[in-house]
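Residue numbers (this note's numbering), protein chains in the order written: chain Z, 1 to 427; chain C, 428 to 617. All C-beta atoms in this analysis are idealised placements derived from N, C-alpha and C, irrespective of residue type, glycine included. Below you'll find the structure, written out as structure tokens, and then a few comments.
Shown next, in the form of structure tokens:
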């Protein structure tokens, strides 16, 4: 993009469309733009090389060279770690400013540590303890995030902690473990420093994704006894993500469609969609809700944080012009509280109405802002709602057929109308 | 400069930790192998593989369940007390939630528990189920086992060193010969 603009500049100057000064300013702008930095590509290939190299070494050693003595095999097992430690040392001493060196050597070391531990376990036939292995691996790798200032290792550690949480909490008959929250806390300062110093880089964008998804996966670990109040926690966290995604920070970065916003919005919709069916409510009515458990307190706190963020958002706009998705967590929580004493029919009618409202708002908003994306998103929400109702209502095939034809026509006509309106507006 | 020194110091501490963990694993393993009591567990090998650690034979132990007269909490730590039978093979004598003081025991996990009236049949999983082998030999080992098992008189067992509730595989034997030697003796390829 920048190259094509730069090529046009002499012509624009010669035809007096822009002055020489403006042309120079444009050239300066593109030269200073971080995207033009060749170091970035080098970093990507460096990390890729370290990843493949590390995995290659693991595979070669996994062959189990039984012609060697145990001592030789032990020494060989240590080679990947020692070699990558030397690379890291070199990066720290000689190339501290090169992110390519720091990132790739730290990534290599992360995998080398896993290789050495695995190979020692292989050589000595150590008992299998995957949970312990993951924890050791993460603990030995987290310091590299700060020492080597490696964003890629930070991403791998977030993924590793999420994995560790799943292994230690969600597998059959596991007792509750909370260590992963402490590990997340150790990684948090690095994420904050990224947000402050490099808010626009791709690594930071990836961090948004990893943090949002990681935290969401780990949330149920707070409820060791399958307390259904967890649902309040879930919907609150999704709303918090949505509000974070719509915050001034992200609008300032010109990233309206960021990870938090998307995870929050899609997550809220999915959860609401699930509860437009009857069975989840019936299941919820059967379950015992323990509001006095310690985890319920955490969910209440999350709900309150959601409320505070909602009030902050509402200060800037009127309620009537706000997307109904902002209020879903409150409505859902009220329904949750009333679910034991309320007929399932009433509950599903209200949830269906909420989804319908969100869809209608998106269509209206799309039409007003001439956004095909928003308009079609709203249409998809409503179509999906109707599709879902096909499963649990006994409508005749004729009515179903007519409904589908109307949705199809709706898609066609609304898009046609919007495109026409947009053209008129542009003229 | 000061920050760089702190970074380097932290880096060296991490380097030491990264090397110390596998070293400690080796030392601990050697201690169990040298000073632990040796038991023979009757077993059946099969051949899966691990993407990190290569091929291994997974051992299925014949002595993996016990009938108990009283109920036991399988969500808590379980201790299996081990003794030898008349033929010299290990068997589980008792399983309890409390750590035994005198007898030789293994820390185990419960797979399931079935109730039959007053009796509770408990199925357990041993911590030592993998015996790593050369990638070409693991499948040969399985074949060798299958051949030897057709012969009713042959015996396949794992030699396990046990100390303080921990068990480590020393070797897997077919007819009292180490599985690696057995493969060489029977002219199996590398």
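Taking buried to mean at least 16 other C-beta atoms within 10 Å of its own C-beta, is residue 270 of chain Z buried or exposed?
Counting from one through the first chain, the residue named residue 270 of chain Z turns up at place 270. It is exposed - the Cβ of residue 270 of chain Z has fewer than 16 other Cβ atoms within 10 Å.
Please list, in chain order, the residues of the stretch 506-520 of chain C that have any C-beta partner in chain Z closer than 9 angstroms.
none
Give me the DSSP bridge partner(s) of residue 523 of chain C.
Start at 1 with the first residue of the second chain, and residue 523 of chain C comes out as number 96. Note: residue 523 of chain C sits in a beta bridge opposite C:506.
As a quick exercise: from Z:13, Z:426, Z:9, pick the residue whose alpha carbon is nearest that of residue 30 of chain Z.
Translated into positions along the first chain, residue 30 of chain Z becomes position 30. Ranking the options by Cα distance to residue 30 of chain Z, first place goes to Z:9.
Of all the options Z:178, Z:274, Z:167, Z:217, which has the alpha carbon lying nearest to the alpha carbon of residue 388 of chain Z?
Indexing the first chain from 1 puts residue 388 of chain Z at position 388. Comparing Cα positions, the closest option is Z:274.
Please classify residue 355 of chain Z: is it buried, with 16 or more other beta-carbons within 10 angstroms of its beta-carbon, or exposed?
Taking the first chain and counting its residues from 1, the one referred to as residue 355 of chain Z is at position 355. Buried, by the Cβ-count rule.
So, helix, strand or coil for residue 617 of chain C, using DSSP?
Residue numbering aside, residue 617 of chain C sits at position 190 when the second chain is read from its first letter. For residue 617 of chain C, the predicted model reports a pLDDT of 42, less than 50, meaning its position is unreliable and no value from the coordinates is stated.
Output the boundary residues of the alpha helix (DSSP H) element that contains residue 103 of chain Z.
In the first chain, residue 103 of chain Z corresponds to position 103, counting from 1. Here the alpha helix (DSSP H) through residue 103 of chain Z covers 99-123.
Reduced DSSP category for residue 279 of chain Z - H, G, I as helix; E, B as strand; rest coil
Position 279 of the first chain, counted from the first residue, corresponds to residue 279 of chain Z. Correct three-state label for residue 279 of chain Z: helix.
Per-residue contacts from residue 571 of chain C into chain Z (C-beta, under 7 angstroms):
As a position in the second chain, residue 571 of chain C is number 144, starting the count at 1. Here the premise fails: no neighbours, minimum Cβ distance about 15 angstroms.
Listed in chain order, which residues of the stretch 75-95 of chain Z have Cβ atoms closer than 9 angstroms to some Cβ of chain C?
77, 78, 81, 82, 85, 88, 89, 92, 93
Per DSSP, which residues does residue 543 of chain C bridge with? Please list them.
Working through the second chain from its first residue, we reach residue 543 of chain C at position 116. Paired residue(s): C:546.
Kindly indicate if chain C contains any beta-carbon less than 8 angstroms away from that of residue 190 of chain Z.
Walking along the first chain from the start, residue 190 of chain Z turns up at place 190. Answer no: the Cβ-Cβ gap between residue 190 of chain Z and chain C never drops below 8 angstroms.
Applying a beta-carbon distance threshold of less than 8 angstroms, which residues of chain Z neighbour residue 595 of chain C?
Along the second chain, one-based indexing puts residue 595 of chain C at 168. Going along chain Z in sequence order, the residues near residue 595 of chain C (Cβ under 8 angstroms) are 124, 125, 126, 127.
In the stretch 440-455 of chain C, which residues sit with their C-beta less than 7 angstroms from some C-beta in chain Z, listed in chain order?
441, 442, 444, 445, 446, 448, 449, 452, 453
Following the continuous alpha helix (DSSP H) through residue 599 of chain C, name the residue where it begins and the one where it ends.
As a position in the second chain, residue 599 of chain C is number 172, starting the count at 1. Taken as a continuous stretch (DSSP letters only), residue 599 of chain C belongs to no alpha helix (DSSP H), being part of the beta strand (DSSP E) at 593-601.
Does the CB of residue 280 of chain Z have a neighbour CB from chain C at under 8 angstroms?
Reading the first chain from its first residue, position 280 is the one you call residue 280 of chain Z. Residue 280 of chain Z does not count as touching chain C.
Might you give, ordered along the chain, the residues of its own chain that have their beta carbon closer than 7 angstroms to the beta carbon of residue 589 of chain C, omitting 5 neighbours on each side?
For this step, residue 589 of chain C is matched to residue 162 along the second chain. Same-chain partners within the cutoff: 463, 464, 466, 509, 531, 533.
Return helix, strand or coil for residue 420 of chain Z, following the three-state DSSP convention.
Working through the first chain from its first residue, we reach residue 420 of chain Z at position 420. Residue 420 of chain Z: helix per DSSP, three-state reduction.
Which word fits residue 127 of chain Z, buried or exposed, when buried means at least 16 other C-beta atoms lie within 10 angstroms of its C-beta?
To locate residue 127 of chain Z, count along the first chain from 1; it is residue 127. It is buried - the Cβ of residue 127 of chain Z has at least 16 other Cβ atoms within 10 Å.
For residue 18 of chain Z, three-class secondary structure by DSSP
Your numbering for residue 18 of chain Z matches position 18 in the first chain. Residue state, collapsed to three classes: coil.
The stretch 546-565 of chain C: which residues have C-beta closer than 9 angstroms to a C-beta of chain Z, in chain order?
553, 554, 555, 556, 557, 558, 559, 560, 561, 562, 563, 564, 565
Below 9 angstroms on C-beta distance, what does residue 144 of chain Z contact in chain C?
Taking the first chain and counting its residues from 1, one reaches residue 144 of chain Z at position 144. Those are 438, 441, listed as they occur along chain C.
Starting from residue 628 of chain C, follow the beta strand (DSSP E) in both directions and report where the run begins and ends.
Here chain C has residues from 428 to 617 only, and residue 628 of chain C is not among them.
Compare the Cα-Cα distances from residue 164 of chain Z to each of Z:184, Z:78, Z:146 and report the closest residue.
Within the first chain, residue 164 of chain Z is the residue found at index 164, counting from 1. Of Z:184, Z:78, Z:146, the residue nearest in Cα terms is Z:184.
What residues match up with residue 535 of chain C in a beta bridge as DSSP calls it?
Taking the second chain and counting its residues from 1, the one referred to as residue 535 of chain C is at position 108. BP columns for residue 535 of chain C point to C:505.
First and last residue of the beta strand (DSSP E) that includes residue 557 of chain C?
Numbered from 1 along the second chain, position 130 holds the residue referred to as residue 557 of chain C. 557-559 is the span of the beta strand (DSSP E), which, as asked, contains residue 557 of chain C.
What is the rounded straight-line gap between the Cα of residue 362 of chain Z and the Cα of residue 311 of chain Z?
Position 362 of the first chain, counted from the start, is the residue given in the question as residue 362 of chain Z. Position 311 of the first chain, counted from the start, is the residue given in the question as residue 311 of chain Z. Straight-line Cα distance between these residues: approximately 21 angstroms.
List in chain order: all unbroken beta strand (DSSP E) runs of 3+ residues lying wholly within the stretch 268-355 of chain Z.
none
Report the neighbours of residue 435 of chain C on chain Z: residues whose CB is nearer than 7 angstroms to its CB, in chain order.
In the second chain, residue 435 of chain C corresponds to position 8, counting from 1. 92, listed in chain order.
Do residue 457 of chain Z and residue 161 of chain Z have their CB atoms nearer than 8 angstroms?
The structure shown has nothing for residue 457 of chain Z, since chain Z only spans 1 to 427.
So for residue 586 of chain C, helix, strand or coil by DSSP?
Residue numbering aside, residue 586 of chain C sits at position 159 when the second chain is read from its first letter. Three-state result, residue 586 of chain C: strand.
Let me make sure I understand the geometry here. Which of C:599, C:595, C:537 has the alpha-carbon closest to that of residue 582 of chain C?
For this step, residue 582 of chain C is matched to residue 155 along the second chain. That would be C:599, whose Cα lies nearest to the Cα of residue 582 of chain C.
At the 8 angstroms Cβ level, is residue 180 of chain Z part of the contact set with chain C, yes or no?
Reading the first chain from its first residue, position 180 is the one you call residue 180 of chain Z. No, residue 180 of chain Z lies away from the interface with chain C (no Cβ there is under 8 angstroms from its Cβ).
Applying the 10 Å Cβ sphere with the 16-neighbour rule, what's the burial state of residue 347 of chain Z?
Taking the first chain and counting its residues from 1, the one referred to as residue 347 of chain Z is at position 347. That one is buried.
Is the Cβ-Cβ distance between residue 199 of chain Z and residue 155 of chain Z less than 8 angstroms?
Along the first chain, read from residue 1 onward, the residue named residue 199 of chain Z stands at position 199. Along the first chain, read from residue 1 onward, the residue named residue 155 of chain Z stands at position 155. The answer is no: Cβ separation not under 8 angstroms.
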